[in-house]
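In this note's numbering, the protein residues as written are 1222 to 1626. Glycine included, every Cβ here is placed at the ideal spot set by N, Cα and C. I have placed the structure first, in the form of structure tokens, so that the comments after it can refer back to it.
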């Protein structure tokens, strides 16, 4: 046909094998009895699997209902036993009709439904079994690892981390945790060694700071007393100085009985009393029951020196230094107090926080040094605690655990 005028230009006749058409239609399966037939746009049957019966009038198809349907499916009104499906090939005007028997479809539907249900149940059961196995495979080693971590948290760093599992992620996690534990143990060892070395170094520095300055002043005082022929004072000061340095050395031991620490500061006060006869008085009131407990050595002398040089030395009428000690619960509290100038609120807040170089006493001993040594050895809950009222008094408490070894 001409596209513009719609005039018929000619007719093309295509001759095709009927057998080919039959083969194509026979490949379509619509149950055991279902079939497909084709009709032309003039409602002539082009193909039917029972073509001879159609021609002889022994079999009749409801072509009127098919024409009325046009497209889609319907159930035959008379028998209600067949489902007719209609599809029109618009390009050529042929209509393909599929005939299915409802009893076969329902049988197939029930069979499919039962099969689907059975397969679904089997799948659910298999999924439950597999999920249980997979869950155990994953959760069991995780629970084992959790138990091991709980032991490590309690301080058992030598806990066995051998976990039998095929899960690669758990194996990697276990190896990483084991590596971390090894590194922690190595680091803890290093920290302990470093702390010991630090305490020894700080004590040596402390002694080195104290000895030259203090020894020079003490010898200078002894010479002055000798020149004035005050022989008894020379003897007393020399003896006190010897005992003071013997207790300072203490055979290289860092931890000593509290009794030795009290004796050490007593000889220091005796020497300073001879030097500053009219400037200071002192008293020692320590409960003897705490003498058997131990402490880090050279902790009271720096505090007494600080009280002397920064508390009472510049007072015209002189001042008093008191040392006391008692057991308080599971702790030992040693107190050094003076009735000197006191400290401002700012000085009180900063005395333990300043860098070591800025909190030196006149004898070269850092108060912060003593505080940090106590905390390194006994823990962060221990150390120095200051109290003061400006112009009236200052108290510093040494808080240490009650330990006998």
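Nearest C-alpha to residue 1464 among 1478, 1480, 1448, 1484: 1484. Look at residue 1277 here: in three-state DSSP terms it is helix. In the displayed model, residue 1410 falls within a helix according to three-state DSSP.
Residue environment analysis places residue 1595 among the buried positions, since at least 16 neighbouring C-beta atoms fall within 10 angstroms of its C-beta.
Contact between residue 1249 and residue 1260 does not hold, since the beta-carbon distance rounds to 16 Å and is not under 8 Å.
Linking residue 1284 to residue 1278 through their CA atoms gives a straight-line distance of about 14 Å.
In the structure shown, residue 1621 falls within a strand segment according to DSSP collapsed to helix, strand and coil. When the five nearest sequence neighbours on each side are left out, the beta carbons in the same chain lying within less than 7 Å of the beta carbon of residue 1223 are those of 1230, in order along the chain. The beta carbons of residue 1439 and residue 1462 sit about 5 Å from each other, so the pair counts as a contact at 8 Å. Pairing residue 1323 with residue 1294 gives a Cβ-Cβ distance that is not under 8 Å. Residues of the same chain with a CB within less than 7 Å of the CB of residue 1304, apart from the 5 flanking positions on each side, are 1294, 1296, 1321, 1323, 1326 in chain order.
Here the alpha carbon of residue 1570 sits roughly 42 Å from the alpha carbon of residue 1456.
With contacts defined as CB atoms closer than 8 Å, residue 1572 and residue 1599 fail to qualify as a contacting pair. Relative to residue 1504, the option among 1510, 1516, 1491 whose CA is nearest is 1491.
The way I'd put it, the region 1604–1613 doesn't touch the region 1534–1541; fewer than three beta-carbon pairs between them come closer than 8 Å. The C-alpha of residue 1415 lies about 54 Å from the C-alpha of residue 1351. For residue 1549, the secondary structure class from DSSP, reduced to helix, strand or coil, is strand. When the alpha-carbon of residue 1271 is set against those of 1258, 1264, 1263, 1262, the nearest one is in 1258. As computed with DSSP, residue 1310 is found in a beta bridge with 1315. Taking 3 residues as the shortest admissible run, the region 1496–1558 contains the following complete beta strand (DSSP E) segments, listed from N- to C-terminal end: 1501–1507, 1515–1517, 1540–1549.
Residue 1610 is bridged by DSSP to 1614. The bridge partners DSSP lists for residue 1303 are 1322.
Its chain contains 1465, 1522, 1525 as the residues whose beta carbon lies nearer than 7 Å to that of residue 1489, once the 5 sequence neighbours on both sides are disregarded; these appear in chain order.
Counting along the chain, the unbroken alpha helix (DSSP H) around residue 1588 starts and ends at 1588–1599. Counting the other Cβ atoms within 10 Å of the Cβ of residue 1364 gives fewer than 16, which makes it exposed.
Distance from the Cα of residue 1399 is smallest, within the candidate group 1476, 1556, 1274, 1373, for 1373. Counting along the chain, the unbroken alpha helix (DSSP H) around residue 1285 starts and ends at 1284–1290. Here the alpha carbon of residue 1228 sits roughly 25 Å from the alpha carbon of residue 1264. When the beta-carbon positions are compared, residue 1479 and residue 1520 stay at least 8 Å from each other. DSSP, read as helix, strand or coil, puts residue 1235 in coil. Cβ contact annotation for residue 1291 (same chain, cutoff 8 Å, sequence separation greater than five): 1307, 1309, in chain order. The beta carbons of residue 1530 and residue 1624 sit about 31 Å from each other, so the pair does not count as a contact at 8 Å. Excluding sequence positions up to five before and after residue 1282, its CB lies less than 6 Å from no other CB in the same chain. Of 1532, 1509, 1517, 1591, the smallest CA-CA separation from residue 1548 is found for 1509. With fewer than 16 other Cβ atoms from the protein chains shown falling within 10 Å of its own Cβ, residue 1397 counts as exposed. Closest in alpha carbon position to residue 1564, among 1338, 1554, 1616, is 1616.
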